[in-house]
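Undergrad:
Numbering (the numbering used here), first residue to last: 1 to 160.
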């Protein structure tokens, strides 16, 4: 242990990096009596949540730019379409990488895409200067479309 006067839970609160180093050492040396089990379990749980948030964040980026491609008009679309397409490709690639590394996230994709769309819709509305009405309440694209490398959203007619 780093200091005999301080417990592992206290070290966790006061010097996180030192706590990590001590916990890694204890685990690698199979010193179970030195493992701060409660905080280690919390940290591992947080890692899982972080992976989930990362997939959702990349889906949000993808959907935001898909909405821009679909609903932007004029010079804004002309000037930015390729950039938005590239951003979609990068986000899609990151989602795929994360799902390859953590396939157990795949069953959560519908929920993650629905959550991501809500935030993407708000961001797109602000970026495009739209009131609420023009953008659909739910994603106009299926999960399969969103993840399909060949899918590029087309401009949506806003006549009416």
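Ideal Cβ positions, reconstructed from N, Cα and C, are used throughout, including at glycine.
Can you give the beta carbon distance from residue 113 to residue 146, rounded, assuming they're within the 8 Å contact cut?
TA: Taking the first residue of the chain shown as 1, we reach residue 113 at position 113. Taking the first residue of the chain shown as 1, we reach residue 146 at position 146. That pair is a contact at about 6 Å.
Undergrad: Below 8 Å, how does it come out for the segment 27-47 and the segment 57-70: are there three or more Cβ pairs, yes or no?
TA: no
Undergrad: Could you check the C-alpha separation between residue 19 and residue 119 for me, to the nearest Å?
TA: On the chain shown, position 19 is the one that residue 19 refers to. On the chain shown, position 119 is the one that residue 119 refers to. So the alpha carbons of these two residues sit roughly 36 Å apart.
Undergrad: Nearest to residue 135 by alpha carbon, out of 124, 142 and 143?
TA: The residue labelled residue 135 in the question sits at position 135 within the chain shown. That would be 124, whose Cα lies nearest to the Cα of residue 135.
Undergrad: Cα-Cα, which of 150, 138 and 144 is closest to residue 64?
TA: Here the question's residue 64 lines up with position 64 in the chain shown. When only C-alpha atoms are compared, the closest one is 138.
Undergrad: Just to confirm the assignment, what range does the alpha helix (DSSP H) spanning residue 19 have?
TA: Within the chain shown, the letter at position 19 stands for residue 19. Run containing residue 19: 16-28, per the alpha helix (DSSP H) assignment.
Undergrad: Between the C-alpha atoms of residue 155 and residue 84, what's the straight-line distance to the nearest angstrom?
TA: Position 155 of the chain shown, counted from the first residue, corresponds to residue 155. Position 84 of the chain shown, counted from the first residue, corresponds to residue 84. Roughly 13 Å between the two C-alpha positions.
Undergrad: Just to confirm the assignment: which complete beta strand (DSSP E) runs, minimum length 3, are found wholly within the segment 40-110?
TA: none
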